[in-house]
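Residues in the sequence shown are numbered consecutively from 1441, following the numbering used here.
We put the beta carbon where it would ideally sit given N, CA and C, even for glycine.
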Amino acid sequence: MGKRESAPVITTTYSHDPDGELTEDGDKISLLSSVLLLAGAIIGTGIFMTPNNVVKEIPSIFFSLMTWVVCGILSLLAALCYAELGLAYPSVGGEYTYFKEIYPDIFSFIYLITNFFLLRPVSIAMLVLFFGEVALSVVFKNSGEMFWICRIVSIVAIVLICLLNCLSERLTIIFNNALTYLKFICMAVIIGLGVYKL
């Protein structure tokens, strides 16, 4: 049996323009926008869905914050593992590439199909439903009438974000930056309130 071929390595040459932005084939994205894009991808919206339940299960604010700290450390360790894998296999594909390198091809194919048709759509649906519930809870007090309106708002949000991504890269970057800043502000408020209540 012959040696398996590794996934192709994609290399891209970047150059610094006078404005301090990284340039590739005429497309520009600033270093700040790159960092915010990465931070926005890493900091999941799920952390804003769970604090209420954590406080209910753990009455002590101190231990609630410690739960966040421990989970943050575990996430950091997982991120370092991904960084190591990224250095070991510097090619496009993420987890698909790692599965392809380690296991038979069928496993990487199953992961790709599952991720595309199940994991990503479900996670996006959860996020927009949470957004809809939070946004509409201020207006609607009756959970019965909010049920379908929340789902309609969520569908509209998904369609608008898809259109934004298709129509303008620049507006998409600005939108992502604004959302990431909002995440930072919300995290600071949550941590600040937790420390204040200690």
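Close-in-space but distant-in-sequence residues of the same chain around residue i (CB under 6 Å, 5 per side omitted)
{"i": "GLU1573", "result": "CYS1590"}
{"i": "LYS1623", "result": "ILE1483"}
{"i": "PHE1547", "result": "PHE1539"}
{"i": "LEU1505", "result": "GLY1634"}
{"i": "MET1586", "result": "LEU1576, PHE1580"}
Rounded C-alpha distance that separates residue i from residue j
{"i": "ASP1545", "j": "VAL1568", "result": "33 Å"}
{"i": "ILE1553", "j": "ALA1597", "result": "25 Å"}
{"i": "LEU1619", "j": "ILE1513", "result": "24 Å"}
{"i": "PHE1488", "j": "PRO1530", "result": "33 Å"}
{"i": "LEU1477", "j": "LYS1581", "result": "35 Å"}
{"i": "ASN1616", "j": "LEU1607", "result": "15 Å"}
{"i": "PHE1556", "j": "GLY1584", "result": "32 Å"}
{"i": "TRP1508", "j": "PHE1502", "result": "10 Å"}
{"i": "LEU1611", "j": "MET1566", "result": "24 Å"}
{"i": "VAL1629", "j": "LEU1516", "result": "22 Å"}
{"i": "SER1651", "j": "LYS1637", "result": "What the structure shows of the chain is the stretch from 1441 to 1638, and residue 1651 is not part of that stretch, so it cannot be assessed."}
{"i": "CYS1521", "j": "LEU1527", "result": "10 Å"}
{"i": "GLY1632", "j": "ILE1625", "result": "10 Å"}
{"i": "GLY1493", "j": "GLY1486", "result": "One detail in the question is off: residue 1493 reads as Asn in this sequence, not Gly. About 12 Å."}
{"i": "TYR1551", "j": "ILE1542", "result": "13 Å"}
{"i": "SER1473", "j": "ALA1518", "result": "24 Å"}
Cβ neighbours of residue i in the same chain (closer than 7 Å, five flanking residues each side left out)
{"i": "SER1577", "result": "none"}
{"i": "LEU1525", "result": "TYR1538"}
{"i": "CYS1602", "result": "none"}
Start and end residues, alpha helix (DSSP H) containing residue i
{"i": "ASN1493", "result": "1491-1497"}
{"i": "VAL1629", "result": "1609-1636"}
{"i": "VAL1562", "result": "1560-1577"}
{"i": "LYS1581", "result": "Note, LYS1581: premise wrong, no alpha helix (DSSP H); not H, not E."}
{"i": "TYR1538", "result": "1535-1542"}
{"i": "PHE1549", "result": "1545-1554"}
Cβ shell of residue i (< 8 Å), same chain only, five flanking positions each side left out
{"i": "ALA1575", "result": "VAL1593"}
{"i": "PHE1549", "result": "none"}
The ligand NAP heavy atom lying under 7 Å from the CB of residue i
{"i": "SER1474", "result": "This structure lacks the ligand NAP; in fact it carries no ligand of any kind."}
- Task: Give, in chain order, every unbroken run of the alpha helix (DSSP H) that is at least 4 residues long and sits entirely within the stretch 1476-1532.
- Result: 1491-1497, 1501-1528
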